[in-house]
Every structure is written in C-alpha cells, then in structure tokens.
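All remarks here apply to the structure that follows.
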Amino acid sequence: AQKITQTQPGMFVQEKEAVTLDCTYDTSDPSYGLFWYKQPSSGEMIFLIYQGSYDQQNATEGRYSLNFQKARKSANLVISASQLGDSAMYFCATRTYGNNRLAFGKGNQVVVIP
Amino acid sequence: EADIYQTPRYLVIGTGKKITLECSQTMGHDKMYWYQQDPGMELHLIHYSYGVNSTEKGDLSSESTVSRIRTEHFPLTLESARPSHTSQYLCASSVQGGEKLFFGSGTQLSVL
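Sequence lines, in order, name chains A and B. The opening position of the first sequence corresponds to residue 927 in this note's numbering, with each subsequent residue numbered one higher. The opening position of the second sequence corresponds to residue 757 in this note's numbering, with each subsequent residue numbered one higher.
Dropping the structure here:
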C-alpha cells in the first residue's frame, strides 16, 4: 500500500515569495509516479506537476517545480513568486504502475497574503 | 482543458432517499474514478472503472454503487442516503496509460 505524508500546518506566505511544501511517501514498488494537485476553495482538483520515479531531472511547470529526492522518498513542491490566487489546499499523490490508482496525502493549506 | 462534468454541484437531501450523482466526460477516456473527500481531509478512492462494463471497488469501503454502460458516463448511486454519507464526491478520468487525472468540480452532498 502507498502512504503519503504531508505534515506541515497551514502556511502563510507573502505575495511574491517562494514556498516549499513537503511530501514524503512510502512505496515498495520501484516504478511509480508523483503528482501535485491544487484544490482552491471552489473544490475542484487542478493538476500541477508530475514526476516519474525514473526521471533524472526534477520536473518544472511554470512557477511550480518538484524537488525530487528518491533516496529519501521525498517530493517537495516549490511555488515561486507566490500570487494571491495560489491560496488553496495542495495535495501530494502517488501512483504505482502496478495498480494505476492515485493515493493522496492529507494536504497542505497555503494562504498567500498581500 | 478537461471536459468532465458533475451534477449536481450541491445536494441536500433527507435520510433514506435514493440519489444518483452524475459524472460525464467528453474526452473519450477509458478510465474513470470516484473519490470521496471529507472537509480538510485527503481524497479516498471509492470506485473505479477501466472501461465499459468494468467497475471495481476502491480503497475505501462505500455503500454506493456505480455503473459504466457508456464510456462517457459513470454515475454513482446511493440507494438509501444517511447522514454518514455527507461528504464531497469527486469524479475523475484519465486516458489508458496516461499519467494525469482530470477532475470534475465535485458534488457536495449533505444528508439530513
């Protein structure tokens, strides 16, 4: 079974600053994918970024980057130049290629303040 | 952008009623999923489907049932709603072998 841990309390971030959200995972499968999703107060889940376990380089998507440390089983999300619209819950998720299903962490609450 | 739709967006209903939450996608995705999410908590997979006439239970036990008669449609049914069913229900889809799940806007269900 996959276990994803997101333990940071709610975070307040100054606009235009960077923020790092921690995520550790536990899987015995050697092949897996790591995902980050954003959930604003409206409730929908928005895909942000993906990293495959065999990818050599850290994934980047615009202002989002993933700090992937495979040996530590860590996949932290970095949001650069925070904007007010970044205020949301952020969920880390993993998927092993054996079962094709996403397992989610409990999420991190981020509030961007002007 | 994703074309996956859930209706209703909000539903308040009395105990014992039968309800169906609708989910449709126009992307031709083979895989579809239902997740349940309590406020401030993680998502839990309750049902999934890999194609027409294929349905499986997820990681979290649920009293709901699903059907997949058409590729684009994956409704979830509760035969007799109870207050313990109060939650947000999120539908998602993905292509076969694809990495990314596309989510609908969710249905917030309140059972009184």
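Ideal Cβ placement from N, Cα and C applies to all residues, glycine included.
- For B:Y766, the uninterrupted beta strand (DSSP E) segment begins and ends at Y766 to I769.
- Within the region 962-995 of chain A, the complete beta strand (DSSP E) segments at least 3 residues long are 972-978 and 990-995, listed from N- to C-terminus.
- The three-state secondary structure of A:G959, taken from DSSP, is strand.
- Chain B places a beta carbon closer than 8 Å to that of A:M971, counting this residue as a contact.
- Using beta-carbon distances, B:G862 counts as an interface residue toward chain A, with a partner under 8 Å.
- Contact with chain B is found for A:F1017, since one of that chain's Cβ atoms lies less than 8 Å from the residue's Cβ.
- Going by beta carbons, B:L865 and B:H829 fall outside the 8 Å limit.
- In terms of Cβ geometry, A:V945 and A:V1036 form a close pair [threshold 8 Å].
- Under DSSP, A:I930 takes part in a beta bridge, and its partners are A:Y951.
- Partner residues in the beta bridge of A:M937, as assigned by DSSP, are A:V1036.
- Closer than 8 Å to the CB of A:Y990 there is not a single CB belonging to chain B.
- Taken in chain order, the members of the region 776-805 of chain B whose beta-carbon sits within less than 7 Å of a beta-carbon on chain A are M797, E798, L799, L801 and Y804.
- Nearest C-alpha to B:I825 among B:Q793, B:V808 and B:S818: B:V808.
- For A:A1001, the enclosing beta strand (DSSP E) stretches over residues S1000 to I1005.
- Among the bridge pairs identified by DSSP, B:V867 is matched with B:I769.
- Proximity of chain B to A:K1032 at the Cβ level (cut-off 9 Å) is accounted for by G796, M797 and E798, in chain order.
- Proximity of chain A to B:F830 at the Cβ level (cut-off 7 Å) is not reached, the minimal Cβ distance being about 15 Å.
- Neighbours of B:K813 in chain A, taken as residues at a C-beta separation under 9 Å, are lacking, since the least C-beta distance is about 11 Å.
- Residues of chain A whose Cβ lies closer than 7 Å to the Cβ of B:E855 are, in chain order, G959 and Y976.
- Less than 8 Å divides the Cβ of B:Q792 from the Cβ of B:S843.
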